[in-house]
Amino acid sequence: MIENIFNTQRKFYNTGKTKSYSFRMKALGRLKKTILDNQELLYQALALDLNKSKYEAYLCEIGIILDEISFHQRHLRRWMRRQAVRPSMGQLPGSCFRSPEPYGVTLIIAPWNYPVNLSLMPLIGAISAGNTAMLKPSEYAPATSKALVKIISEAFPPYYISVIEGGVKENSLLLKKDFDYIFFTGSPYVGKVVMEAAAKNLTPFTLELGGKSPVIVDNTANIKLAARRIAFGKVINGGQTCVAPDYLLIHESVRESFIREYRSALESFFPRKDMSQMVTIISDRHYKRLKGLLTDGHIILGGQYDDQRRFIMPTLIDQENLSSPLMREEIFGPILPMMTYEKLEDCISIIEEFPKPLALYIFSESNRSIDLILNNCSFGGACINDTIMHLANPRLPFGGVGASGIGSYHGKRSFETFSHYRSIFRQSTRLDIPLRYMPYSDKNLKIIKKLLR
Ligand code: NAD
């Protein structure tokens, strides 16, 4: 089946039909309409897979996708235009421009944690840039994967866009095909598998990976707001967010007030201790792993769990040891280890112990402290006095650096990611400056030396 769909997509792409503005706009419109028609199905699927509330499903998955489609619809005509570039002296009287073309047949591999968002967000870019696409959702969110099959097959013929369901076996088969672009979202471990496969065909790719994203709270921060916003970042999607604050570095003088405010933030999020709105842990494997991490350090608050629902209570844990299990891997759950520091410079050394993170968060009222961190740490993106919200703007490209990813997307950047920009020089035929032709002369060399220095 994979072989067949791949071949029909290649054939369809070669007809050139996906390239026109009107085709792309119609496809974006169809995608939006089919999502709207199937909203209920998506809510049900996300509830089944992750116990995701309607509110979170709309805020983080459906709404954000509809908004991204609208953004592409508003700007696509301008993005598709060729961009004039100033010619160099040696090119005069010619002109230069850059012109985007689609890559061709693309592969999108998505994870389970935001299974609608992370499948459709790159797909919007693939469509608006004029490609065909094979989309492989995660097998760990099976209800959403089924819903995506229905939505995509209602909206598009498989020779244009199609969903391939399955797990590692299907991924491995897909990765053997000679795609024109691969867009992968998932763990750094599988990212390496994808990169290796891409290397075999010299296929260009984007890797949206994860890692340990630090959050720093200094002694000038508004502690109440910091606690609320960190708690938001840690409980949304049950902490299973690639940019969730992973561990907290807090100035020792504000530790106690932070604990108080973190507790009160959680109490305000879950009145009467009703946790029914919180997303549960995706699989038994991840649940067992997270439960195991609860024994790693002194629990300050939280720590409870419910095996039947695969639910873990938002938990704050004291942590001192950088090589403990909690600090060795990305947590990807509602557990927040906390370490105190004396000097801000210590935070930089701790952050440098780990591969470059996808996100970094600093809560501070001191511009000096903020600059010190921003200037000395490497990360994919950051928020100052907030968490996660840097993703909420299609004008701000999103992606990692080093182990947290290669490339970026969202908004115009998605269009650019799925486009190859051709650099084109148009020479005039009215004039032919002889400087570059043989026979070479000392006189001409003098002129060239004046032009090229
Ligand atoms: P994962 O890497 O296990 O799986 C991602 C996809 O790869 C799935 O579709 C899966 O079927 C496939 N896959 C798994 N093993 C494979 C193999 N050996 N060969 C080929 N394909 C394989 O990731 P996950 O558990 O679904 O998601 C969690 C990870 O993703 C975390 O590390 C998180 O930080 C990261 N993530 C990153 C972003 C981002 O935008 N940067 C977003 C969400 C999640």
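Letter by letter, the sequence shown follows residues 68 to 520 in my numbering. Each residue gets a CB set at the ideal place from its N, CA and C atoms; glycine is no exception. Remember, it's a predicted structure, so these values are computed and weren't measured experimentally.
I'd like to confirm the pairing. Which residues does DSSP put opposite residue 207 in its beta bridges?
Reading the sequence shown from its first residue, position 140 is the one you call residue 207. None; residue 207 has no bridge partner.
Can you give the Cα-Cα distance for residue 522 and residue 251, rounded to whole angstroms?
Any answer about residue 522 is impossible in this case: the structure gives the chain only from 68 up to 520.
Compare the C-alpha of residue 469 against each of 197, 265, 273 and name the closest.
Numbered from its first residue, the sequence shown carries residue 469 at position 402. Residue 469 has its Cα closest to that of 273, out of 197, 265, 273.
For residue 180, count the other beta carbons within 10 Å of its own beta carbon; 16 or more makes it buried, fewer makes it exposed. Which is it?
Looking up residue 180 in the sequence shown gives position 113. Residue 180 comes out buried.
Look at the alpha carbon of residue 304 and the alpha carbon of residue 216, and state the distance between them as a whole number of angstroms.
Within the sequence shown, residue 304 is the residue found at index 237, counting from 1. Within the sequence shown, residue 216 is the residue found at index 149, counting from 1. When rounded, the distance between both Cα atoms is 23 Å.
Just to check, is the beta-carbon of residue 203 closer than 7 Å to a non-hydrogen atom of the ligand NAD?
For the purposes of this step, residue 203 is taken as residue 136 along the sequence shown, with counting starting at 1. At least one heavy atom of the ligand NAD is nearer than 7 Å to the Cβ of residue 203, so yes.
Could you check the C-alpha separation between residue 452 and residue 401 for me, to the nearest Å?
Mapped onto the sequence shown, residue 452 falls at position 385. Mapped onto the sequence shown, residue 401 falls at position 334. If I take the Cα positions, the gap works out to 20 Å.
Does DSSP put residue 183 in a helix, a strand or coil?
Your numbering for residue 183 matches position 116 in the sequence shown. In this structure, residue 183 counts as coil in the three-state DSSP scheme.
Give me the Cα-Cα distance between residue 184 and residue 130, rounded to the nearest whole angstrom.
Here the question's residue 184 lines up with position 117 in the sequence shown. Here the question's residue 130 lines up with position 63 in the sequence shown. The alpha-carbon atoms of residue 184 and residue 130 are separated by roughly 9 Å.
Nearer than 7 Å: is that true of the beta carbon of residue 235 relative to any heavy atom of the ligand NAD?
Here residue 235 is taken as the residue at index 168 of the sequence shown, counted from 1. Yes.
With a threshold of 8 Å between beta carbons, is residue 419 in contact with chain D?
Of the chains in the structure shown, none is chain D; there is only one protein chain.
Going by DSSP in three states, residue 381 sits in which element: helix, strand or coil?
Within the sequence shown, residue 381 is the residue found at index 314, counting from 1. Coil, per DSSP.
From which residue to which residue does the beta strand (DSSP E) around residue 150 run?
As a first step, residue 150 must be located in the sequence shown, where it is residue number 83. 150 to 152 is the extent of the beta strand (DSSP E) around residue 150.
Using the rule of at least 16 other Cβ atoms within 10 Å of the residue's Cβ for burial, across every protein chain shown, is residue 82 buried or exposed?
Start at 1 with the first residue of the sequence shown, and residue 82 comes out as number 15. Exposed: under 16 other Cβ atoms inside 10 Å.
May I ask you to report which of helix, strand or coil DSSP gives residue 311?
Taking the first residue of the sequence shown as 1, we reach residue 311 at position 244. Coil at residue 311, not helix or strand.
Could you tell me the alpha carbon to alpha carbon distance between residue 192 and residue 269, rounded to whole angstroms?
If you number the sequence shown from 1, residue 192 lands on position 125. If you number the sequence shown from 1, residue 269 lands on position 202. Whole-angstrom Cα-Cα distance: 21 Å.
Could you tell me how far apart the beta carbons of residue 279 and residue 392 are, in whole angstroms, since I believe they sit closer than 8 Å?
The residue given as residue 279 occupies position 212 in the sequence shown. The residue given as residue 392 occupies position 325 in the sequence shown. At roughly 12 Å, the Cβ-Cβ gap does not stay under 8 Å, so residue 279 and residue 392 are not in contact.
Going along the chain, which residues of its own chain have a beta-carbon closer than 7 Å to the beta-carbon of residue 498, five neighbours each way excluded?
By 1-based counting over the sequence shown, the position of residue 498 is 431. If we look at residue 498 and ignore the five residues flanking it on each side, its Cβ neighbours are 160.
Do you know how far the Cα of residue 368 is from the Cα of residue 484?
Residue numbering aside, residue 484 sits at position 417 when the sequence shown is read from its first letter. Residue numbering aside, residue 368 sits at position 301 when the sequence shown is read from its first letter. Approximately 43 Å, taken between the alpha carbons.
Distance, Cα to Cα, residue 394 vs residue 388?
As a first step, residue 394 must be located in the sequence shown, where it is residue number 327. As a first step, residue 388 must be located in the sequence shown, where it is residue number 321. The alpha-carbon atoms of residue 394 and residue 388 are separated by roughly 8 Å.
Bridge partners of residue 489, per DSSP?
Numbered from its first residue, the sequence shown carries residue 489 at position 422. For residue 489, which the question treats as bridged, DSSP gives the partners 166.
Should the stretch 437 to 451 be called in touch with the stretch 133 to 140, which here means at least 3 C-beta pairs below 8 Å?
No, the stretch 437 to 451 is not in contact with the stretch 133 to 140.
Go through its chain and collect everything with a Cβ distance to residue 124's Cβ below 6 Å, but skip five positions before and after it.
Working through the sequence shown from its first residue, we reach residue 124 at position 57. Hits under 6 Å: 110, 113.
Relative to the C-alpha of residue 407, which residue among 315, 505, 494, 259 is closest?
Here residue 407 refers to the residue found at position 340 when the sequence shown is read from its first residue. Comparing Cα positions, the closest option is 315.
For residue 177, does the three-state DSSP call read helix, strand or coil?
Translated into the one-based positions of the sequence shown, residue 177 becomes position 110. It is coil, neither helix nor strand.
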